[in-house]
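Some notes on the structure that comes next.
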Amino acid sequence: MSEHDISVTVNGEQHELTVEPRTLLVTALREKLGYTGANVGCETGRCGACTVRENGETIKSCTRLAVQSDGSEIETVEGLADDGDLTTLQERFREHHGLQCGYCTPGMLVSADTFLRENEDPSREEIREAIEGNLCRCTGYQNIVDAVEATADQLGEQR
Amino acid sequence: MSDADERDSSDDSSSGAFGAAIERGEDVPLLTGDGEYTGDISLPGTTHLAIRRSDHAHARIESVDTSDAAAVDGVVAVFTGEDVVESGVPNTIPTAWDLPGLVQPQYRMLATDKVRHEGTAVAAVVAETAHAARDALELISIEYEPLEHVTDPVEAVERDVPPVHDEAEDNVAFDFELGDGDATDEAFADADRVASVDLRQPRIIPNAMEPRAALADWEETTGKLRLWMTSQNPHLHRMLLSAGTLGLPENEIQVIAPEVGGGFGSKIYHYPDEAVTAWCSMQLGRPVKWQATRSESYLTDCHGRDHVTTGEIALDDDGTIRGVRVETHAGLGAQLSQFGTATPSYLYATILSGQYAIPAIHCRVVGAFTNTTPVDAYRGAGRAEGIYVIERLVDVGARELGMDPAELRRRNLIQPDEFPFETAAALVYDSGEYERAMDAALEHVDYDELRERQDELREEDRYLGIGVANFVESAGLSPSGLAGDLGAQAGGWESSIVRFDSTGSVTVLAGTADQGQGHRTTYAQIAAEELGLSVDDVTVVEGDTDRIPQGMGTYGSRSASVGGGSIARGAREVREKARRIAAHQLEASVDDIEFDDGEFRVAGAPDRSLHIRTIAHEAYLGHDLPEGMDPGLEETNFYDPENFTYPFGTHVAVVEVEPETGEIEIERYVAVDDCGEIINPMIVEGQVHGGIAQGIGAALYEGAAYDDDGHLETRRMDEYAVPHSTQLPEFETDNTVTPSPHNPIGVKGVGESATIAATPTVVSAVVDALEPFDVDHLDMPITPESVWRATEADR
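For the record, the sequence lines run as chains H and V.
Going by the working numbering, the first sequence opens with residue 7, and the numbers climb by one from there.
Going by the working numbering, the second sequence opens with residue 13, and the numbers climb by one from there.
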């Protein structure tokens with residue numbers, strides 16, 4: 007099968023890699039580049055465990071071909087924390103017990119982080135709608151909503 | 013010494029760790045993407061396994077041609093069921109629970125003669141890349157002779173169909189009875205009224221977010237197999253790989269469960285796939301990795317439930333329940349999975365008394381083979397099915413009597429002074445204050461006012477429904493002797509090691525295995541409490557059979573009560589050894605040594621003291637120990653509880669149903685749970701939230717379906733409704749605390765409670781809303797369509 011050379015920037019670091027046309031972005035991130043934070047849960051774009059940011063927008067990296075991301079800026083969960091310090095959102099997830107097994111958490115964090123950039127003062131309903139594309143089988147979502155709401159409150163106070 | 017005696021510790025070791033809402037230590041790597049799941053691990057030279065599965069529900073395998081597949085670039089090997097047989101390994105996936113008259117057909121790693129459900133593993137491809145393995149998979153040519161299939165557990169035994177297994181011509185794996193049939197017949201004959209319900213509990217697909225995965229590494233030079241896998245119980249997997257499938261000595265197998273992304277039962281069982289992964293590595297001498305896709309998970313992870321039931325309740329006019337009679341056909345799927353036989357028998361029939369003093373109970377369960385994915389324990393296993401039946405029966409009984417369903421429940425509750433209470437369904441409940449929890453739940457929603465509002469709204473053609481469900485569950489299956497008498501092929505104990513090192517920090521090695529429950533935090537809280545330390549002084553290790561010698565794993569809400577009980581006992585043994593060292597070094601009598609906040613003090617001489625960390629150092633120095641005492645400060649504990657524990661509670665749901673559209677809105681959901689003593693309220697609440705979510709999922713959204721050809725229709729996440737964030741309400745939770753006298757730390761367990769409670773609660777609420785339409789019962793999942801159809805005649 008033919009192969010393609012592509013270039014992606016992940017969390018600020020540029021990578022050159024060679025992929026088959028059918029290689030999914032999530033596979034390239036996980037297996038070629040070692041960013042294993044994004045998880046594969048469904049392969050249909052339904053569960054959101056593979057959510058990353060591409061050029062500022064959340065995408066489900068299991069429904070995207072790596073070649074489509076040639077030249078893109080990708081941000082994964084590994085890029086959220088700054089030098090090992092948890093972000094406010096990550097801290098609040100911990101404080102509000104917004105994760106149990108943690109498998110959905112990377113995608114959930116990327117979705118919530120992106121959402122909070124767009125909506126600084128969301129209602130609980132808006133938060134629920136924002137994370138609708140990220141399935142969690144452990145928490146029942148309430149603590150995740152609490153964590154995102156608390157993050158918005160804290161960031162609002164800091165502004 | 014009984015467990016109850018052990019609970020009376022005279023020491024005030026309280027570090028404040030037990031009972032505190034301490035944030036989870038395990039969260040940091042999970043939040044940064046550093047958490048390591050099986051799929052994240054790779055070894056140099058790793059090959060990739062893909063498994064060819066049957067697309068027939070039932071067929072004879074005529075031939076398997078692997079030559080085209082073997083010729084694909086990058087393919088290392090292609091194996092069939094015959095290759096596994098020829099390798100001489102035991103090749104048997106056993107059931108872990110025997111029942112009288114049980115038919116146990118052979119369950120092989122790869123099928124050789126027939127496929128018995130869609131998704132049966134038939135052949136295996138190992139290749140240099142996952143892509144190559146998948147390419148080759150398509151080129152395996154299998155000729156089948158299709159056979160007539162059956163997917164329904166009643167049809168399987170009542171219709172004339174080709175048997176799933178030749179050994180069971182009528183497709184009956186077991187015919188199980190519990191309780192006193194004659195006494196129950198008499199109770200029904202004498203009662204004023206009888207009410208009944210026919211119901212189905214559909215198959216639930218567990219849908220742990222992380223699909224199953226395995227990475228096997230056979231080291232030819234040492235003859236050692238290392239297997240990383242998504243496991244709830246690595247030690248049981250080690251045992252089953254040894255004795256069941258691979259035939260290696262147990263001590264040459266290391267099973268490692270790294271981070272596990274949810275289980276809910278589905279990662280307890282020994283499946284063909286992980287064994288095949290290990291076997292392939294043994295054939296090739298190279299690491300082999302297998303990662304299930306989501307659709308493979310739908311086809312192969314054991315499903316839950318699948319009951320078809322007729323239930324009857326006998327009542328007197330004053331609301332006294334005289335008896336309960338239940339007959340159930342339980343679908344077992346095509347093969348007997350580990351607890352596939354225990355779940356619909358001993359875990360189901362025994363809980364049918366619920367929270368009520370019912371003098372006569374009889375239950376018959378016919379376990380049926382069907383051409384479907386094997387069925388096994390899913391969150392709430394057996395107890396969920398049983399509580400659903402009794403709570404539906406109480407509701408239809410209340411309607412028969414014209415009595416408020418909460419009132420009927422209250423009149424039959426077992427009272428606090430009646431414990432230990434022996435039910436007519438063969439259990440001895442440990443402790444309970446059922447009415448206290450029920451009152452708390454009803455007060456939360458202001459029940460009487462709600463009933464008034466319901467009447468008012470009905471005047472406006474609006475349909476409010478109030479569902480109340482009481483539950484009790486049997487958690488922490490034990491003791492081993494009793495479990496063995498009932499047919500268990502494994503023990504019910506748990507094991508742990510509590511180990512100080514010479515610098516005074518503590519490592520707890522636990523035989524359970526976490527899949528998100530937060531063991532590393534709660535176990536540290538237990539040990540810290542007993543040893544007068546901070547949780548930060550304690551490191552908990554789980555999920556690696558080479559580091560933790562023995563264990564049973566995490567399922568059946570056993571970790572806090574059996575695993576935590578073992579850790580508490582081990583920590584107390586460590587503390588007592590430390591006390592003896594302290595007495596010796598302080599030149600005092602052991603009886604005069606008090607322990608408080610990590611410090612051993614001589615009674616009446618507070619300045620003479622030694623901290624337990626100092627003692628640990630002394631224990632490893634070994635220079636000045638009591639005569640005859642061995643150095644070191646660690647204890648291995650095996651804890652085999654004297655009985656189950658029995659968590660309980662009451663849940664209430666308030667719904668509004670729109671008959672024109674069938675839409676159901678959950679207005680409020682209130683859960684009052686009693687799981688005994690609470691180690692970490694934040695984690696308990698999290699378990700309750702998740703449990704409610706899965707219970708509501710079962711009631712309103714989830715359910716596997718097979719089409720007429722025996723194909724699974726719900727095989728992708730867009731065909732099977734795992735509830736998402738906008739489909740679930742806000743939960744209002746509260747606890748009462750009734751310690752278990754059967755447990756060293758008074759805990760009962762909480763992992764499954766809310767799932768058990770939520771399904772009857774929500775179904776009851778919807779049915780209650782539809783009372784004006786004469787709807788007595790609706791089967792799960794209650795969809796807008798089913799509501800619309802049920803109310804159609806009245807519109």
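Note that CB positions come from ideal geometry on N, CA and C, so glycine has one too.
Beta-bridge partners assigned by DSSP to V:P158: V:A71.
Under the DSSP definition of a beta bridge, H:N149 lacks any partner. If you draw a straight line from the Cα of H:I133 to the Cα of V:P741, it comes to about 13 Å. The segment 312-332 of chain V and the segment 204-222 of chain V touch, with three or more beta-carbon pairs separated by less than 8 Å. Under the criterion of beta carbons closer than 8 Å, V:A539 and V:V520 qualify as touching, at roughly 5 Å. Closer than 8 Å to the CB of V:S737 there is at least one CB belonging to chain H. Under DSSP, H:S13 shares a beta bridge with H:E22. The C-beta of H:R134 comes closer than 8 Å to at least one C-beta of chain V.
Inclusion of V:P793 and V:A710 in the CB contact set at 8 Å is warranted, their separation being smaller than that value.
With contact defined as three or more Cβ pairs closer than 8 Å, the segment 249-262 of chain V and the segment 69-81 of chain V are not in contact. Burial state of V:Q427 is exposed, judged by a 10 Å Cβ sphere holding fewer than 16 other Cβ atoms. Take V:H629, set aside five residues on each side of it, and the residues of its chain with a beta-carbon closer than 8 Å to its own are S514, T515, G516, in chain order.
In this structure V:G702 is buried. Its beta-carbon is surrounded by 16 or more other beta-carbon atoms within 10 angstroms. Within the DSSP bridge table, the entry for V:G479 names V:A665 as partners. Using beta-carbon distances, H:E84 counts as an interface residue toward chain V, with a partner under 8 Å. Per DSSP, reduced to three states, the secondary structure at V:M729 is coil, with no helix or strand assignment.
With 16 or more other Cβ atoms from the protein chains shown falling within 10 Å of its own Cβ, V:H663 counts as buried. At a C-beta separation below 9 Å, V:Q527 has these neighbours in chain H: Q106, C107, C144. With distances taken between CA atoms, V:V484 lies nearest to V:L364 out of V:P261, V:L364, V:E461. By alpha-carbon distance to V:Q116, the top candidate from V:V184, V:A225, V:Y156 is V:V184.
Counting the other CB atoms within 10 Å of its CB gives V:P671 a total of 16 or more, which places it among the buried residues. Taking all protein chains in view, the Cβ of V:H635 is surrounded by fewer than 16 other Cβ atoms within 10 Å, so the residue is classified as exposed.
Annotation note: the segment 57-107 of chain V contains the following uninterrupted alpha helix (DSSP H) runs of length 4 or greater, listed N- to C-terminal: 79-82, 93-98. Here DSSP, grouped into helix, strand and coil, assigns V:L469 to helix. With its beta carbon less than 8 Å from one in chain V, H:I137 belongs to the interface.
Taking C-beta atoms under 8 Å as the contact rule, V:V667 and V:E679 qualify, at a distance of about 6 Å. Look at V:A372 here: in three-state DSSP terms it is strand. With a 10 Å radius around the Cβ and a threshold of 16 neighbouring Cβ atoms, V:Q244 comes out buried. Listed in chain order, the beta strand (DSSP E) runs fully inside the segment 631-660 of chain V are 646-651, counting runs of at least 3 residues.
Assigned with DSSP and collapsed to three states, V:Q706 falls in helix. V:G616 sits in coil when the DSSP states are folded into three classes, being neither helix nor strand. Contact between V:G563 and V:G523 holds, with the beta-carbon distance rounding to 2 Å and staying under 8 Å.
Around the beta carbon of V:M729, a 10 Å sphere encloses 16 or more other beta carbons of the protein chains shown; the residue is thus reported as buried. Put simply, the CB of V:L55 is far from chain H, with every gap to its CB atoms at 8 Å or more. For V:G496, the closest of V:A354, V:M450, V:G343 by C-alpha to C-alpha distance is V:A354. Around H:G18, no beta-carbon contact reaches into chain V at under 7 Å, the shortest distance being about 15 Å.
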